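A.B. asks: For the record, the sequence lines run as chains A and B.
Taking the working numbering, the leading residue of the first sequence gets 1, the next gets one more, and so forth.
Taking the working numbering, the leading residue of the second sequence gets 1001, the next gets one more, and so forth.
No residue lacks a Cβ here, since even glycine has one placed at the ideal position from N, Cα and C.
Please read these numbers as outputs of a predicted model, since none were measured by experiment.
Got a structure here, written out as structure tokens. Questions coming.
There are 2 protein chains.
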Amino acid sequence: MTVTLADVAARARVSPATVSRVLNGNYPVAASTRERVLRAVDDLDYVLNGPASSLAAATSDLVGILVNDIADPFFGIMAGAAQTEIGGPGDGSGRAGGEKLAVVCNTGGSPERELTYLTLLQRQRAAAVVLTGGAVEDPVHQAAVSAKLAKLADAGTRVVLCGRPPLPDGEAVVAALAFDNRGGGRRLTEHLLSLGHRRIGYVAGPLERTTTRHRLEGHRDAMRAAGLLGGGTGAAGRPTDGYDEERLTVHGPYDRRSGYDATLELLRREPEVTAIVAANDTVALGACAAVRDRGLRIPEDISVAGFDDLPFSVDAVPALTTVRLPLFEAGARAGRLAMGKENPPPGGIATIAAELMVRGSTAPPRA
Amino acid sequence: MTVTLADVAARARVSPATVSRVLNGNYPVAASTRERVLRAVDDLDYVLNGPASSLAAATSDLVGILVNDIADPFFGIMAGAAQTEIGGPGDGSGRAGGEKLAVVCNTGGSPERELTYLTLLQRQRAAAVVLTGGAVEDPVHQAAVSAKLAKLADAGTRVVLCGRPPLPDGEAVVAALAFDNRGGGRRLTEHLLSLGHRRIGYVAGPLERTTTRHRLEGHRDAMRAAGLLGGGTGAAGRPTDGYDEERLTVHGPYDRRSGYDATLELLRREPEVTAIVAANDTVALGACAAVRDRGLRIPEDISVAGFDDLPFSVDAVPALTTVRLPLFEAGARAGRLAMGKENPPPGGIATIAAELMVRGSTAPPRA
DNA sequence: TACCGTATAGAAAGCGCTTGCTACGGCTGT
DNA sequence: ACAGCCGTAGCAAGCGCTTTCTATACGGTA
């Protein structure tokens, strides 16, 4: 029923070996023969059997891209960029070639699913794996992931991290591209402080994620430097204005709903808040909605800021002050790294800068 | 170097056949034996060789989900939903099982890439394929896709369409879930008409996509029924108010930028426009920005409406009037259909209703 | 003419797994 | 006590391809 290499060979009056060679194009085949084979392939509408080929050659053309939430453009943009560098028919040469099957796997932020996907990709002998986005900080899980990645690397799979901090023992990966979440978070809060804000609420992401922690640390670094945080690290031991960081921080998932709820909670805890920093733009949107529903204006009554600079952020009203992450560029670079089309950065680690984007949603607090 | 089935068998003192059967769990194996095997698997850290397994069994556990734009939540939501029904470890039973590798492939809206991915999935003997979103209407390409899908179906791959109209010769697919784009578009414009709008601009999607055409047709159906369109089909041959449909329609990609540019163009062509309907919410956001940049207020000066009801639409200011598509539900259903967990609708075709969501961005035109 | 290098094609041995069929105890039924 | 079964396990034949090694043919050189 299904056409095999042997069928093609028979029709082209050559041996299966020859057909294989013209298809893979890494062995001299006379032009006339090649043509005959190609015609037979076309005539019979032959499609290579991937599993058989992978088995025999001990490699496959699968490349996995793991994302935490496929419905979130943050990941979509990175994954799409990576895929353009990896995937398909872009090599011009029509006929086969470096054609890889770039696929994205949605972990939904679950460590188990992450591991499952990694195992599944390992099963398939994937050519490369790209992990995007923040990691979960649970040490047990982290160890499991590290071990898995090491095994993948052992088996010849190229592993690259994109928007995720390097592994503790970073040897297993080709490269790690990490965003400067901490620096971005710091600069964002510094901006708010320079506008004169002092009571700043923070709507953080899920507790155990690296992204969450780094952004929050950046925020607190800035607050501390301004002498606004407990712990007496403030300049000259200045009094900390009487409020503690816990009270002005609320954690929740990276979604709109969480931003809404958390902001309401923040406003309840501390009605005097003059600015709210959100864990990311999506959350910020929810925060904006909550602020408005409470009858407050942005930025006159309350400033709101986000993180990531997703495409819709510039269209918010007022446009969202945020921190831009070059998601597309990072994803593309990760894709190239995964394909071996680009040399890894020195030490395998690169930090990607985050740029403060000041827009209309932040302004000085009311006198 | 790598551990094979035979190694496990040796360690468990059974034959490879038995190990295979334990792993696949479709043949009676004594409990004690099973346990011994399982322990050996663990001890050796054995990972099945996917290609070998697929080759021997002539099936694989790959399920492909094709999307037009992975950075667009419209697709992300559907893909994510499908993936939850297909993917991983959700079956509770820890150990193996109906574990499929659900992967999403980003065609970027390019017909060639779509075909390439289909071929790649065919190579891998994918267990199922889900195609999401509108199709390109070029007959050559459509024929090619149909042929490819037929071949996939022949080879035992389950094909389901989600948010895409049925194939002309719909026999090749398990099921087609189509959105009622036309009806949604019609109701949206009827809403605007009922508010009193007469000069309505339309920012359409790319010309050759079914989604674009259906939504636009819905819009024009409504306009025509109101006697506002050329062609004299209007009730009682009423004069068509002197403007033609082409002038008030601008095509462009499904992105924010296109919405912005097209709206400026529309405003230039016809300054008297009182409402703008966008091809989708993302485009609508761009349209809003353009309207504002021209110094006009929404909805007092101009009403704006979108389509899809993506999560951010409710947070726009004012909240966007749009048409809700149950993306998550549709994606999940497609996933179940692909897995054979749900019976196809009668005739293999289901139309999914689109619900009008009236919000703040539309209002009666100024007197 | 004899010899050898080069270019091209074929033979065949697997790659690691699945599965139809066979084999072998121990039980039940008579 | 014997035939016939049921429940398990093993044997061995591939699945369709890649690749090493070998064979052939041709042309040029000595």
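Return the CA-CA distance between H197 (chain A) and S361 (chain A), expressed in angstroms with no decimal places.
C.D. replies: Start at 1 with the first residue of the first sequence, and residue 197 (chain A) comes out as number 197. Start at 1 with the first residue of the first sequence, and residue 361 (chain A) comes out as number 361. If you take the alpha carbons of H197 (chain A) and S361 (chain A), they lie about 13 angstroms apart.
A.B. asks: What residues in the stretch 250-268 of chain A have a beta carbon less than 7 angstroms from any beta carbon of chain B?
C.D. replies: R256
A.B. asks: Please report the straight-line C-alpha distance between G1163 (chain B) and F1179 (chain B), rounded to a whole angstrom.
C.D. replies: For the purposes of this step, residue 1163 (chain B) is taken as the residue at position 163 of the second sequence. For the purposes of this step, residue 1179 (chain B) is taken as the residue at position 179 of the second sequence. Each residue's Cα considered, the two are about 5 angstroms apart.
A.B. asks: Between the C-alpha atoms of L1131 (chain B) and I1065 (chain B), what's the straight-line distance to the nearest angstrom?
C.D. replies: On the second sequence, residue 1131 (chain B) is found 131 positions in, with the first residue counted as 1. On the second sequence, residue 1065 (chain B) is found 65 positions in, with the first residue counted as 1. Taking the straight line from one Cα to the other gives about 6 angstroms.
A.B. asks: List, in chain order, every chain B residue whose beta-carbon is nearer than 8 angstroms to that of I70 (chain A).
C.D. replies: The residue labelled residue 70 (chain A) in the question sits at position 70 within the first sequence. The contacting residues are I1070, G1076, A1079, G1080, Q1083, V1104.
A.B. asks: Taking CB distances under 8 angstroms as the criterion, tell me whether Q1122 (chain B) reaches chain A.
C.D. replies: Numbered from its first residue, the second sequence carries residue 1122 (chain B) at position 122. By this cut-off, Q1122 (chain B) is an interface position.
A.B. asks: Decide if G242 (chain A) is buried, meaning its Cβ has at least 16 other Cβ atoms within 10 Å, or exposed.
C.D. replies: For the purposes of this step, residue 242 (chain A) is taken as residue 242 along the first sequence, with counting starting at 1. Residue placement at G242 (chain A) cannot be trusted, given a pLDDT of 44 that sits under 50; what the coordinates show is reported in the next sentence. With fewer than 16 other Cβ atoms within 10 Å, it is exposed.
A.B. asks: Where does G64 (chain A) sit, in a helix, a strand or coil, going by DSSP?
C.D. replies: By one-based count along the first sequence, residue 64 (chain A) stands at place 64. Three-state DSSP puts G64 (chain A) in a strand.
A.B. asks: Once you ignore the five residues that flank V29 (chain A) on each side, which residues in its own chain have a CB closer than 8 angstroms to its CB?
C.D. replies: Within the first sequence, residue 29 (chain A) is the residue found at index 29, counting from 1. Within the same chain, V29 (chain A) has close Cβ partners T18, R21, V22, V37.
A.B. asks: Is any heavy atom of the ligand ZN found at a distance shorter than 7 angstroms from the C-beta of I349 (chain A)?
C.D. replies: Among the components of this structure there are no ligands whatsoever, and the ligand ZN is therefore not found.
A.B. asks: Leaving out five residues on either side along the sequence, give the residues of the same chain with a beta carbon under 6 angstroms from the beta carbon of L1296 (chain B).
C.D. replies: Looking up residue 1296 (chain B) in the second sequence gives position 296. Around L1296 (chain B): I1302.
A.B. asks: Taking its Cβ as the centre, do 16 or more other Cβ atoms sit within 10 Å of K341 (chain A), making it buried, or is it exposed?
C.D. replies: As a working note, residue 341 (chain A) is residue 341 in the first sequence. Of the residues assessed, K341 (chain A) falls on the exposed side of the cut-off, its CB having fewer than 16 other CB atoms within 10 angstroms.
A.B. asks: Taking the straight line between their C-alpha atoms, what separation do you get for I276 (chain A) and L264 (chain A)?
C.D. replies: To locate residue 276 (chain A), count along the first sequence from 1; it is residue 276. To locate residue 264 (chain A), count along the first sequence from 1; it is residue 264. One C-alpha to the other measures close to 11 angstroms.
A.B. asks: Could you tell me the boundaries of the alpha helix (DSSP H) in which A351 (chain A) lies?
C.D. replies: Stepping through the first sequence from its first residue, residue 351 (chain A) is reached at position 351. Here residue 351 (chain A) is Thr; the residue named in the question, Ala, does not match the sequence. Premise fails: T351 (chain A) lies in the beta strand (DSSP E), 349-352, not in any alpha helix (DSSP H).
A.B. asks: Tell me which residue opens and which closes the beta strand (DSSP E) that F179 (chain A) is part of.
C.D. replies: Numbered from its first residue, the first sequence carries residue 179 (chain A) at position 179. Taken as a continuous stretch (DSSP letters only), the beta strand (DSSP E) holding F179 (chain A) covers 175-179.
A.B. asks: Quick one: Cα of V273 (chain A) to Cα of R292 (chain A), how far?
C.D. replies: Counting from one through the first sequence, the residue named residue 273 (chain A) turns up at place 273. Counting from one through the first sequence, the residue named residue 292 (chain A) turns up at place 292. Cα to Cα, the separation comes out at about 14 angstroms.
A.B. asks: Mark A6 (chain A) as exposed unless 16 or more other C-beta atoms lie within 10 angstroms of its C-beta, in which case mark it buried.
C.D. replies: Locating residue 6 (chain A) in the first sequence gives position 6, counting from the first residue. The residue in question, A6 (chain A), is exposed, as its Cβ has fewer than 16 Cβ neighbours within 10 Å.
A.B. asks: In three-state DSSP terms, what is Y1254 (chain B)?
C.D. replies: For the purposes of this step, residue 1254 (chain B) is taken as residue 254 along the second sequence, with counting starting at 1. If DSSP states are grouped into helix, strand and coil, Y1254 (chain B) belongs with coil.
A.B. asks: Do three or more CB pairs link the stretch 1312-1328 of chain B to the stretch 1280-1294 of chain B at distances below 8 angstroms?
C.D. replies: yes
A.B. asks: Please report whether the beta-carbon of T1132 (chain B) lies at a distance below 8 angstroms from any beta-carbon of chain A.
C.D. replies: Within the second sequence, residue 1132 (chain B) is the residue found at index 132, counting from 1. So no, T1132 (chain B) is outside the interface.
A.B. asks: Please say whether I1070 (chain B) and A331 (chain A) have beta carbons closer to each other than 8 angstroms?
C.D. replies: Here residue 331 (chain A) refers to the residue found at position 331 of the first sequence. Here residue 1070 (chain B) refers to the residue found at position 70 of the second sequence. Per the sequence shown, the amino acid found at residue 331 (chain A) is Gly instead of Ala. In this structure, I1070 (chain B) does not lie closer than 8 angstroms to G331 (chain A) by Cβ.
A.B. asks: Taking C-beta pairs closer than 9 angstroms, name the residues in chain A that C1288 (chain B) reaches, listed in chain order.
C.D. replies: Taking the first residue of the second sequence as 1, we reach residue 1288 (chain B) at position 288. Simply D315, V317.
A.B. asks: Please list the residues of the stretch 25-55 of chain A that have a C-beta atom closer than 9 angstroms to any C-beta atom in chain B, keeping them in chain order.
C.D. replies: D45, V47, L48, N49, G50, P51, A52, S53, S54, L55
A.B. asks: Show which residues of chain B have a CB atom less than 8 angstroms away from the CB atom of F312 (chain A).
C.D. replies: Position 312 of the first sequence holds residue 312 (chain A). In chain order: R1256, T1282, L1285, F1312.
A.B. asks: Would G306 (chain A) and T211 (chain A) qualify as a contact pair, given that the criterion is a beta-carbon distance under 8 angstroms?
C.D. replies: If you number the first sequence from 1, residue 306 (chain A) lands on position 306. If you number the first sequence from 1, residue 211 (chain A) lands on position 211. Annotated as distal: G306 (chain A) and T211 (chain A), with beta-carbon spacing of 8 angstroms or more.
A.B. asks: Which residue marks the beginning of the beta strand (DSSP E) containing A1225 (chain B), and which one marks its end?
C.D. replies: Position 225 of the second sequence, counted from the first residue, corresponds to residue 1225 (chain B). Careful: A1225 (chain B) lies outside any beta strand (DSSP E), inside the alpha helix (DSSP H) at 1210-1225.
A.B. asks: To test your reading of the DSSP string, which unbroken alpha helix (DSSP H) runs of 4 or more residues are found completely within the stretch 1-84 of chain A?
C.D. replies: 5-12, 16-24, 31-44, 50-57
A.B. asks: Between R1158 (chain B) and chain A, is there a C-beta pair that is closer than 8 angstroms?
C.D. replies: Indexing the second sequence from 1 puts residue 1158 (chain B) at position 158. Not an interface residue.
A.B. asks: How many angstroms separate the CA atom of R1186 (chain B) from the CA atom of A1175 (chain B)?
C.D. replies: Numbered from its first residue, the second sequence carries residue 1186 (chain B) at position 186. Numbered from its first residue, the second sequence carries residue 1175 (chain B) at position 175. Each residue's Cα considered, the two are about 25 angstroms apart.
A.B. asks: Compare the C-alpha of P378 (chain A) against each of A:R268, A:L177, A:L285, A:T249 and name the closest.
C.D. replies: No answer is possible for residue 378 (chain A): it lies beyond the span of chain A, which begins at 1 and ends at 367.
A.B. asks: Run down chain B in chain order and give the residues with a C-beta less than 7 angstroms from the C-beta of P73 (chain A).
C.D. replies: If you number the first sequence from 1, residue 73 (chain A) lands on position 73. Those are A1071, P1073, listed as they occur along chain B.
A.B. asks: Quick check: the Cα distance between G232 (chain A) and R209 (chain A), rounded to an integer number of angstroms?
C.D. replies: In the first sequence, counting from the first residue as 1, residue 232 (chain A) sits at position 232. In the first sequence, counting from the first residue as 1, residue 209 (chain A) sits at position 209. With a pLDDT of 44 at G232 (chain A), under the threshold of 50, the modelled position of this residue cannot be trusted, and the question is left open.
A.B. asks: Just the Cα atoms here: how many angstroms apart are D1043 (chain B) and N68 (chain A)?
C.D. replies: Taking the second sequence and counting its residues from 1, the one referred to as residue 1043 (chain B) is at position 43. Taking the first sequence and counting its residues from 1, the one referred to as residue 68 (chain A) is at position 68. When rounded, the distance between both Cα atoms is 31 angstroms.
A.B. asks: How is the alpha helix (DSSP H) around V1145 (chain B) delimited, first residue to last?
C.D. replies: In the second sequence, residue 1145 (chain B) corresponds to position 145, counting from 1. Where V1145 (chain B) is concerned, the enclosing alpha helix (DSSP H) stretches over 1139-1154.
A.B. asks: Three-state secondary structure (DSSP) at G232 (chain A)?
C.D. replies: Residue numbering aside, residue 232 (chain A) sits at position 232 when the first sequence is read from its first letter. Residue placement at G232 (chain A) is poorly supported in this model, since its pLDDT is 44, which falls under 50; the coordinates still yield a value, given next. Reduced to three states, the DSSP call for G232 (chain A) is coil.
A.B. asks: Secondary structure at L248 (chain A), three-state DSSP: helix, strand or coil?
C.D. replies: Residue 248 (chain A) sits at position 248 when you count from the first residue of the first sequence. Judged by DSSP in its simplified three-state form, L248 (chain A) adopts coil rather than helix or strand.
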